[in-house]
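For reference, the structure is listed below as structure tokens.
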Amino acid sequence: MLKPILTIFILCKVFLVQGQQPFQKNDLYFEAGGLGLFGSLNYERQLTKKPGLGVRIGVGFYTENAFYLTIPVGIHYLFKLRKENSFLDAGFGVTPTRVDAKLFTGSKGSNGEHFVNFIPSLGYRRHTPGGMMWRIGFTPVINKYGLIPSIGAALGKRF
């Protein structure tokens, strides 16, 4: 009696494990807003075998009477929610920029200044069964001129 039950249990375990997709640790995505300021193309890597701690780097841009490139760099942590493949995405990033200071100070003749933006983020992330990911979140920009409320939305491919 015990042998058939044990056999059924082992078969169920084997089929359940084989039916699960392996966790994909890499993401390549476009983000509007967020760490790149106006937009960015990003690569992200999970550092754990399950959703958890991850790092990202990208190439972004913003405009202010000219076109400027940014290099957003950040870390985040994915907290699993009850719904499958849904996460609370909390992170922090930095994005160095160059900006014409007269936009903030009103002074004329300024030829620009370099500084760092600090960008915390809190949002919702979803991984789809087809290997896609999307995210939306609150991403305020904090720099020496104050806090600028912002949102970010991302769409990309997991691999």
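Sequence positions in the sequence shown follow the working numbering and run 21 to 179. Every residue gets a Cβ at the ideal spot worked out from N, C-alpha and C, and that includes glycine.
Does the segment 100-109 come close enough to the segment 47-66 to have 3 or more Cβ pairs within less than 8 Å? Touching, no, given that fewer than three Cβ pairs across the two stretches are closer than 8 Å.
Measuring straight from C-alpha to C-alpha, what distance separates GLN44 and ARG178? Take the alpha-carbon of GLN44 and the one of ARG178: they are about 6 Å apart.
Once you ignore the five residues that flank MET152 on each side, which residues in its own chain have a CB closer than 8 Å to its CB? Excluding sequence neighbours, MET152 sits near LEU175, GLY176, LYS177, ARG178.
Only counting runs of 3 or more residues, tell me where the beta strand (DSSP E) segments fall wholly within the segment 137-162, in order along the chain. Fully enclosed beta strand (DSSP E) runs of 3 or longer: 152-158.
Do you know whose CA, among ILE168, ALA110, LYS164, lies nearest GLY72's CA? It is ALA110.
Name the two residues that bound the continuous beta strand (DSSP E) containing ASN62. Bounds of the beta strand (DSSP E) holding ASN62 are 59-66.
Measure the C-alpha to C-alpha separation of MET117 and GLY53 and round it to an integer number of angstroms. One point to set straight first is that residue 117 is Thr, not Met, in the sequence displayed. Each residue's Cα considered, the two are about 14 Å apart.
Any idea what DSSP makes of GLY72, helix, strand or coil? In this structure, GLY72 counts as coil in the three-state DSSP scheme.
Going by DSSP, name the residue or residues bridged to ARG118. ARG118 is bridged to HIS134.
Considering only C-alpha positions, which residue in the set GLN66, ARG65, LEU67, GLY78 is nearest to LEU57? Selection GLN66, ARG65, LEU67, GLY78 evaluated against LEU57 yields GLY78 as nearest (Cα-Cα).
Let's test the definition: count the other Cβ atoms within 10 Å of the Cβ of LEU55 and tell me whether it reaches 16, buried, or not, exposed. Buried, by the Cβ-count rule.
Start and end of the beta strand (DSSP E) containing PHE99? Counting along the chain, the beta strand (DSSP E) containing PHE99 begins and ends at 93-100.
Roughly how many whole angstroms lie between the Cα atoms of GLU133 and THR68? Distance between the alpha carbons of GLU133 and THR68 is about 38 Å.
Identify every residue that forms a DSSP beta bridge with ASN46. Answer is ARG65.
If distances are taken between C-alpha atoms only, which option among LEU167, SER170, THR159, TRP154 comes closest to PHE112? Of LEU167, SER170, THR159, TRP154, the residue nearest in Cα terms is THR159.
Taking C-alpha atoms, which residue in TYR63, ASN85, THR90, GLY94 lies nearest to LEU15? There is simply no residue 15 to check, as the chain begins at 21 and stops at 179 in what is shown.
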